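A.B. asks: Here's a structure for you.
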Amino acid sequence: MPESPPQSLNPGAPALRRRRLRAVFAADVANFGGMVSIEETRTLDSVWFVRRVATEELATHGGWLFGLPGDGIFALFESTVDAVRCALQIQARLRDQPKVHALKLRIGVHLGEVLFQDELPFGETLVIASRLESLAEPGGILVSAAVLDAVASHIAAIFSESGVPRLKHSARRIETFTVSPPPPPGARPAGGVLDRTVGPGPAIPRPPPASRLPPTPDADEIATSPPAYPLAIEPRAKDVAAPAMEAGPAVAPARGGGIDDASLRRLALLLTTHLGPMARVLVRRKAMENPDAAKLIMTLAKEIPTKADQQVFIADARASLAGVRQV
1 MPESPPQSLN PGAPALRRRR LRAVFAADVA NFGGMVSIEE TRTLDSVWFV
51 RRVATEELAT HGGWLFGLPG DGIFALFEST VDAVRCALQI QARLRDQPKV
101 HALKLRIGVH LGEVLFQDEL PFGETLVIAS RLESLAEPGG ILVSAAVLDA
151 VASHIAAIFS ESGVPRLKHS ARRIETFTVS PPPPPGARPA GGVLDRTVGP
201 GPAIPRPPPA SRLPPTPDAD EIATSPPAYP LAIEPRAKDV AAPAMEAGPA
251 VAPARGGGID DASLRRLALL LTTHLGPMAR VLVRRKAMEN PDAAKLIMTL
301 AKEIPTKADQ QVFIADARAS LAGVRQV
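Take the sequence shown: its letter number 243 is residue 243 in the working numbering, and every next letter is one higher.
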């Protein structure tokens with residue numbers, strides 16, 4: 001339903017402004033201008049089909065469509081979980097349509113305060129969502145860290161770091177993540193985080209820890225055992241961060257400790273699988289007390305309730321930070 005501003009007691013007075021926390025969904029067609037210049041009629045037919053798919057999914061997931069500029073689509077959601085699920089479903093439906101295979105939709109989602117006046121939304125949150133959409137890969141979804149924190153414990157999906165890009169005409173530096181569907185049951189993602197909690201439908205199972213891990217150690221062993229191999233950062237396949245983040249393997253240590261910020265983000269993503277959004281704050285706090293990466297992993301593992309999941313986290317954390325020498 002459209003956002004309706006409260007009625008003023010004075011009919012001649014301007015509409016009242018108000019702010020509401022909303023998830024902003026922004027999408028457009030990649031290389032729309034180039035495709036139109038080659039085959040205008042077929043491209044426009046495909047765009048109308050994409051719009052129909054998007055509007056159907058927006059209605060299903062409770063999104064309010066407030067703009068269709070050119071090849072773009074803008075909507076608001078009261079639920080951030082519904083916004084991300086809608087984005088995943090739209091991309092899934094479009095991948096199954098061979099007649100629009102050359103037409104790729106880019107989607108960006110951001111969560112923040114939205115200003116309303118005269119039933120229309122305004123503000124920085126809309127601009128950031130639009131910037132994220134422009135940075136998304138064709139056929140992909142890019143979300144902000146605020147969105148990840150809101151949905152990570154509620155959606156089965158893979159969240160992968162995508163850097164801290166410079167947003168056009170904005171001084172904001174926002175951590176970004178790509179979102180993709182979970183792998184088939186029994187498969188493990190190559191990177192990122194697979195959250196096992198799902199809305200409708202079964203949860204995605206993990207392989208039994210005993211099939212790939214040594215026996216679970218006691219709590220004292222977790223606190224003192226050394227890493228199986230040197231810990232370091234695995235380079236990202238795509239880095240859209242600022243030049244300061246593109247220094248390569250040798251990255252600067254994090255403030256207050258000997259572990260770099262990229263390592264802390266990777267550990268937070270992995271721990272989110274077990275503890276939800278609180279993992280990000282927990283990793284930063286524990287890192288101040290444990291500047292050594294190996295000790296930090298063991299300390300964080302003890303926050304996980306079950307020993308089986310502790311071992312899964314330890315193995316995933318070591319594998320994620322392996323491959324480049326530790327600073």
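Idealized CB from N, CA, C, for every residue including glycine. All values derive from a computational prediction rather than experimental measurement.
With a threshold of 8 Å on Cβ separation, who are the neighbours of Glu289 within its own chain once the five nearest residues in sequence on each side are excluded?
C.D. replies: Position 289 of the sequence shown, counting from 1, holds the residue named residue 289. Excluding positions up to five away in sequence, the list reads Thr299.
A.B. asks: Which two residues bound the contiguous alpha helix (DSSP H) that contains Arg93?
C.D. replies: Within the sequence shown, residue 93 is the residue found at index 93, counting from 1. Note, Arg93: alpha helix (DSSP H), 80-95.
A.B. asks: Using the C-alpha atoms, what's the distance from Gly108 back to Leu115?
C.D. replies: For the purposes of this step, residue 115 is taken as residue 115 along the sequence shown, with counting starting at 1. For the purposes of this step, residue 108 is taken as residue 108 along the sequence shown, with counting starting at 1. Distance between the alpha carbons of Leu115 and Gly108: 19 Å.
A.B. asks: Are Ile128 and Ile174 closer than 8 Å when you measure CB to CB?
C.D. replies: By one-based count along the sequence shown, residue 128 stands at place 128. By one-based count along the sequence shown, residue 174 stands at place 174. Their beta carbons are under 8 Å apart, which means Ile128 touches Ile174 by this criterion.
A.B. asks: When the distance is taken between beta carbons, is Leu271 closer than 8 Å to Leu264?
C.D. replies: Along the sequence shown, read from residue 1 onward, the residue named residue 264 stands at position 264. Along the sequence shown, read from residue 1 onward, the residue named residue 271 stands at position 271. Against a cut-off of 8 Å, the Cβ pair of Leu271 and Leu264 comes out as no contact.
A.B. asks: Just to confirm, are Ile297 and Ala317 a CB contact at a threshold of 8 Å?
C.D. replies: As a working mapping, residue 297 is identified with position 297 in the sequence shown. As a working mapping, residue 317 is identified with position 317 in the sequence shown. Cβ distance < 8 Å, so Ile297 and Ala317 count as in contact.
A.B. asks: Measuring CB atoms only, is the segment 48-58 touching the segment 128-140, in the sense that at least three cross pairs come out at less than 8 Å?
C.D. replies: As far as the Cβ criterion goes, the segment 48-58 does not touch the segment 128-140, which means the pair count is below three.
A.B. asks: Cα-Cα, which of Ile314, Thr80, Gly62 is closest to Ala150?
C.D. replies: In the sequence shown, counting from the first residue as 1, residue 150 sits at position 150. Looking at the Cα atoms, Thr80 is the closest of the given residues.
A.B. asks: Could you pull out every unbroken alpha helix (DSSP H) segment of at least 4 residues lying fully inside the segment 111-149, listed in chain order?
C.D. replies: With a minimum length of 4 residues, the continuous alpha helix (DSSP H) runs that stay inside the segment 111-149 are 124-135.
A.B. asks: Is it buried or exposed for Ala83, if we count other Cβ within 10 angstroms and need 16 for buried?
C.D. replies: Reading the sequence shown from its first residue, position 83 is the one you call residue 83. Ala83 should be labelled buried.
A.B. asks: If you draw a straight line from the C-alpha of Phe313 to the C-alpha of Ser162, how long is it?
C.D. replies: Within the sequence shown, numbered from 1, the residue matching residue 313 stands at position 313. Within the sequence shown, numbered from 1, the residue matching residue 162 stands at position 162. Cα-Cα distance, rounded: 22 Å.
A.B. asks: How big is the Cα-Cα spacing for Ile259 and Gln97?
C.D. replies: As a working note, residue 259 is residue 259 in the sequence shown. As a working note, residue 97 is residue 97 in the sequence shown. The straight-line gap from Cα to Cα measures roughly 46 Å.
A.B. asks: What three-state label does DSSP hand Arg285 in the structure shown?
C.D. replies: The residue labelled residue 285 in the question sits at position 285 within the sequence shown. Correct three-state label for Arg285: helix.
A.B. asks: Expressed to the nearest angstrom, what Euclidean distance is found between the alpha-carbon atoms of Gly62 and Val24?
C.D. replies: The residue you call residue 62 lines up with position 62 of the sequence shown. The residue you call residue 24 lines up with position 24 of the sequence shown. The straight-line gap from Cα to Cα measures roughly 12 Å.
A.B. asks: Following the continuous alpha helix (DSSP H) through Thr306, name the residue where it begins and the one where it ends.
C.D. replies: Within the sequence shown, residue 306 is the residue found at index 306, counting from 1. Careful: Thr306 lies outside any alpha helix (DSSP H) and carries neither H nor E.
A.B. asks: Using the C-alpha atoms, what's the distance from Arg166 back to Ser320?
C.D. replies: Mapped onto the sequence shown, residue 320 falls at position 320. Mapped onto the sequence shown, residue 166 falls at position 166. C-alpha separation (whole angstroms): 26 Å.
A.B. asks: Find the nearest neighbour of Asp118 within the set Leu16, Lys286, Arg284, Thr43, judged by alpha-carbon distance.
C.D. replies: Against the sequence shown, residue 118 aligns to sequence position 118. Per the Cα distances, Leu16.
A.B. asks: Using a 10 Å radius around the Cβ and a threshold of 16 neighbouring Cβ atoms, would you call Lys104 buried or exposed?
C.D. replies: Taking the first residue of the sequence shown as 1, we reach residue 104 at position 104. So Lys104 counts as buried.
A.B. asks: For Arg18 and Thr60, I'd like the C-alpha separation in whole angstroms.
C.D. replies: The residue labelled residue 18 in the question sits at position 18 within the sequence shown. The residue labelled residue 60 in the question sits at position 60 within the sequence shown. Looking at the two C-alpha atoms, the distance is approximately 26 Å.
A.B. asks: When the Cα atoms are used, what is the spatial distance from Val100 to Ile304?
C.D. replies: Taking the sequence shown and counting its residues from 1, the one referred to as residue 100 is at position 100. Taking the sequence shown and counting its residues from 1, the one referred to as residue 304 is at position 304. Cα-Cα distance, rounded: 45 Å.
A.B. asks: How would you write the range of the alpha helix (DSSP H) that Ala293 sits in, first residue to last?
C.D. replies: Sequence index remark: in the sequence shown, residue 293 carries index 293 (1-based). First-last of the alpha helix (DSSP H) with Ala293: 293-301.
A.B. asks: Leaving out five residues on either side along the sequence, give the residues of the same chain with a beta carbon under 6 Å from the beta carbon of Gln310.
C.D. replies: Position 310 of the sequence shown holds residue 310. Correct list, in chain order: Ala301, Ile304.
A.B. asks: Would you report the Cα separation of Gly67 and Thr43, rounded to the nearest angstrom?
C.D. replies: Here residue 67 is taken as the residue at index 67 of the sequence shown, counted from 1. Here residue 43 is taken as the residue at index 43 of the sequence shown, counted from 1. Answer to the nearest angstrom: the Cα atoms are 20 Å apart.
A.B. asks: Val47 bridges to which residues according to DSSP?
C.D. replies: Along the sequence shown, read from residue 1 onward, the residue named residue 47 stands at position 47. In the DSSP output, where bridge partners are listed per residue, Val47 has none listed.
A.B. asks: Note the first and the last residue of the continuous beta strand (DSSP E) segment covering Arg20.
C.D. replies: Locating residue 20 in the sequence shown gives position 20, counting from the first residue. Where Arg20 is concerned, the enclosing beta strand (DSSP E) stretches over 18-29.
A.B. asks: Less than 7 Å between the CB of Val109 and some heavy atom of the ligand SAH, yes or no?
C.D. replies: This structure does not include the ligand SAH; it has no bound ligands of any sort.
A.B. asks: Between Asp71, Phe177, Glu57, Glu56, which lies nearest to Asn31 when the distance is taken from Cα to Cα?
C.D. replies: Along the sequence shown, read from residue 1 onward, the residue named residue 31 stands at position 31. Per the Cα distances, Asp71.
A.B. asks: Inspect the beta-carbon positions of Arg106 and Pro138 and report whether they are closer than 8 Å.
C.D. replies: Along the sequence shown, one-based indexing puts residue 106 at 106. Along the sequence shown, one-based indexing puts residue 138 at 138. Going by C-beta atoms, Arg106 is nearer than 8 Å to Pro138.
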